[in-house]
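Residue numbers (our numbering): 1193 to 1575.
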């Protein structure tokens, strides 16, 4: 029993800390560089939108301010059957070169992009979300990586803003700083196995249409890696988004994203061949698959420690482990209760965010096994 408990704890520690340390060290040892040069390919930014009348005008204004040769930059908003004023707002920018591509019905972000890609020309495509703001030199910073012929996709550096200093915001910011450090190290190892969904640039000729219920942010990069191209992280390509403020909104988003990742992993399962793709295999097993299984590990750990204490109340190791778990989960529940009352305490953010992440993973795992993933999405706006 004790050996099993120790192994479960080690799996959890490896997934969150061991892999992080390993990938940082390996990145410093391998140090695979990206050849960068100032180039100006034709770029098309494709902005996916569904009922974004609240923010689409600001998004377009920000995009028009990006520093890039106007004759080589095209902006297209693909509206996935929006039913509000999104389309009319986009049309009002037609005189500034902004194009609207309306997809009838509600087909989902991936299928809307598939439809748009069939009619887009250009060398480099940038997938963008309607809620993301960019630093003015973002395009220049991203496209310089394509001077390296081995680079097929570039993803940017997402910075979360937590204007209201909420628990969810604190947890999300810390989590994403951790993820960004991993992405930087993975690039030095050779390639990423995922992209930042709000800003991803890739070579047009490498695009592979995906099934509509697959999330492109995760599966698209895997398809390029299997084609022999690198997916790299550009730390200086800055983009900004507001954090979610409520646990409910973060929960909804995490379930959808994690479930999409699981479905995408099934679609791109050939990459889990350790002989053909040793580095991606290591990354995916450590950073995705084991992480998706963490809720199974921690539930088993909790049940096992309770049983061990019941079987032997003098088992000090089991007592200590049970006490630590109880304190951690109690802190998370207190954080949630405080949030429900409108009280935000940043010091209890990590336990709550950890609990939400892993509860979402468990629900996503069950749903992936028992049902099909819906293709549609909806922006989680606070209010």
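Yeah, the Cβ is synthetic: ideal placement off N, Cα and C, and Gly gets one too.
Asked	Found
The region 1287-1301 touching the region 1262-1271, judged by at least three CB pairs closer than 8 angstroms	yes
Check whether residue 1258 and residue 1328 have beta carbons under 9 angstroms apart	yes
Buried or exposed by the 16-neighbour rule on C-beta atoms within 10 Å, applied to residue 1428	exposed
Meets three-Cβ-pair contact criterion under 8 angstroms: the region 1445-1457 and the region 1372-1383	no
Under the three-state DSSP convention, the category residue 1431 falls into	strand
Separation of residue 1224 from residue 1489, as counted between CA atoms	34 angstroms
Cutoff 7 angstroms; reference residue 1422; Cβ partners in own chain excluding five residues on either side	1342, 1343, 1344, 1382 and 1383
Inter-residue spacing [alpha-carbon to alpha-carbon] between residue 1134 and residue 1509	Limits of the chain in this structure are 1193 at one end and 1575 at the other, which puts residue 1134 out of reach.
The region 1384-1398 touching the region 1469-1485, judged by at least three CB pairs closer than 8 angstroms	yes
Chain C within 9 angstroms of residue 1380, Cβ atoms only	In the displayed structure, chain C is absent; only one protein chain is listed.
Cβ neighbour criterion (16 or more within 10 Å) applied to residue 1446	buried
Continuous beta strand (DSSP E) stretch holding residue 1352: start and end	1343-1353
Residue of 1531, 1316, 1206 and 1416 minimising C-alpha distance to residue 1400	1416
Top-ranked residue by Cα proximity to residue 1391, from 1346, 1407 and 1290	1346
Residue 1478 versus residue 1349 - alpha carbon distance	22 angstroms
Nearest candidate by alpha-carbon position, reference residue 1317, set 1425, 1398 and 1545	1398
Chain-order list of residues whose beta-carbon lies under 6 angstroms from that of residue 1496 (same chain, five-residue window excluded)	1197
Buried versus exposed call for residue 1356 [16 or more other C-beta atoms within 10 Å across all chains shown]	exposed
Simplified DSSP state of residue 1340, which is helix, strand or coil	coil
Residue 1267 vs residue 1245 beta-carbon contact at 9 angstroms	no
Inter-residue CB distance, residue 1438 and residue 1518 (contact presumed, cutoff 8 angstroms)	Residue 1438 to residue 1518, Cβ: 26 angstroms. No contact.
Distance between residue 1389 and residue 1409 (C-alpha atoms, nearest Å)	5 angstroms
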